[in-house]
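>
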Amino acid sequence: MNLRVRVVHCACGGDHHWYADIDDTDDLQPDDPYWFVDRCSSQSAALEKACAELLDLSARAYGGAALTRVQEADLVHV
283 MNLRVRVVHC ACGGDHHWYA DIDDTDDLQP DDPYWFVDRC SSQSAALEKA
333 CAELLDLSAR AYGGAALTRV QEADLVHV
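Residue numbers (our numbering): 283 to 360.
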């Protein structure tokens with residue numbers, strides 16, 4: 283698994299903000315990431331949040347944990 287961070291500038295309806303997600307580079311359909319954040323005020327804020335989460339996800343994957351995608355997490359009730 284090769285996790286990667288993607289940071290995108292959005293201008294939806296005149297509302298400028300930044301979006302970031304973390305997904306596997308080998309995923310052919312990147313529509314369900316392992317993590318995302320939206321409505322960040324700056325590129326650096328989005329990147330800072332994503333890098334912190336990437337560190338956590340990487341440590342969990344390295345430790346043998348199976349990572350859960352965002353849409354799969356909605357199906358889990360703990």
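Heads up, the beta-carbon is just placed ideally off N, CA and C, and yes, glycines get one too.
Please read all numbers here as calculations on a predicted model, not as lab measurements.
Please state if the CB of Ala328 and the CB of Tyr293 are separated by a distance shorter than 7 Å.
Translated into the one-based positions of the sequence shown, residue 293 becomes position 11. Translated into the one-based positions of the sequence shown, residue 328 becomes position 46. The sequence given here has Ala at residue 293, not Tyr. No, the pair does not count as a contact, with Cβ atoms beyond the cut-off.
> Following the continuous alpha helix (DSSP H) through Asp338, name the residue where it begins and the one where it ends.
Counting from one through the sequence shown, the residue named residue 338 turns up at place 56. Note, Asp338: alpha helix (DSSP H), Gln325 to Tyr344.
> In whole angstroms, what is the alpha-carbon distance linking Arg321 and His299?
Translated into the one-based positions of the sequence shown, residue 321 becomes position 39. Translated into the one-based positions of the sequence shown, residue 299 becomes position 17. Approximately 5 Å between the Cα atoms of the pair.
> For Lys430 and Val319, I'd like the C-alpha separation in whole angstroms.
No information on residue 430 is available, as it lies outside the stretch 283 to 360 that the chain covers here.
> Less than 7 Å between C-beta atoms, sequence neighbours within five positions excluded: which residues of the same chain meet that for Asp314?
For the purposes of this step, residue 314 is taken as the residue at position 32 of the sequence shown. Arg351, Val352 and Gln353, listed in sequence order.
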